[in-house]
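A short write-up of the structure that comes next.
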Amino acid sequence: MRLNLIDATACFGSSRHPCHSSEREEHRLIDDLADPREDPRVIGGDKEVEVTIVNAIRRILRSLRLSAVATHATVGISAAQLYVLRQLAENGDSSTITALAERTLTDRSSVAVVVHRLVTRGLAQRSRSK
-16 MRLNLIDATA CFGSSRHPCH SSEREEHRLI DDLADPREDP RVIGGDKEVE
34 VTIVNAIRRI LRSLRLSAVA THATVGISAA QLYVLRQLAE NGDSSTITAL
84 AERTLTDRSS VAVVVHRLVT RGLAQRSRSK
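What follows is the structure, encoded as structure tokens:
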């Protein structure tokens, strides 16, 4: 199965998306199911090692997906929500969105969405900065 990156303006309505930067003049082909032994982009090296690495990464990603599903089924919140709650518990309740984004190595806008969901569910509370 081959997937092409989509035109970002179709989804976001903005020409400021990274897909439209001068550094990226054409869309790259993504082939997440390709056999690395047959991939022309792989030059030199031990292809068996590359296959082992790709398969290990796929197993890690699968494990993360299964863990996220189990977390949601067990506690009723997403892994991202649980992670933000843990950061709040470990680093004090009064954190800004920016501080949470830095600690979680996540985009500020993504953290804001997670925090909004936590506030909506009554698991976190927002207050004005002093």
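First residue of the sequence shown? That's -16 in this note's numbering, and the numbers climb one at a time after it.
Idealized CB from N, CA, C, for every residue including glycine.
Whole angstroms is fine: what's the gap from S(-3)'s alpha carbon to T89's?
A caution first: S(-3) carries a pLDDT of 38, below 50, which makes its placement in the model too unreliable to give a value.
Confirm, please, whether the CB-CB distance from A63 to I80 is below 7 Å.
With a cutoff of 7 Å on beta-carbon distance, I80 and A63 are scored as not near each other.
Tell me which residue opens and which closes the alpha helix (DSSP H) that L88 is part of.
Judged by DSSP secondary structure, L88 falls outside any alpha helix (DSSP H); it is assigned neither H nor E.
With a threshold of 16 other CB atoms inside 10 Å of the CB of A84, please say whether the residue is buried or exposed.
By the 10 Å Cβ count, A84 comes out buried.
Does the Cβ of V98 have 16 or more other Cβ atoms within 10 Å, making it buried, or fewer, making it exposed?
The residue in question, V98, is buried, as its Cβ has 16 or more Cβ neighbours within 10 Å.
Could you check how far apart the C-beta atoms of S46 and H55 are, in whole angstroms? I think they sit under 8 Å.
No, S46 and H55 are not in contact; Cβ-Cβ is about 15 Å, not under 8 Å.
Checking 7 Å against the spacing of the C-beta atoms, do R86 and Q70 come in under that value?
yes
Exposed or buried, which one is L129 when buried takes at least 16 other CB atoms within 10 Å?
Given a span of -16 to 113 for the chain in the structure shown, any question on residue 129 remains unanswerable.
Taking the alpha carbon of S110 as the point to measure from, which residue in K30, A82, S78 has its own alpha carbon closest?
Nearest option by C-alpha distance: S78.
Residue range of the unbroken alpha helix (DSSP H) whose run includes Q108:
No alpha helix (DSSP H) holds Q108; DSSP gives it neither H nor E.
For L44 and L106, believed in contact at Cβ under 8 Å, the rounded distance:
Between L44 and L106 the Cβ distance is about 27 Å, and since that is not below 8 Å, they are no contact.
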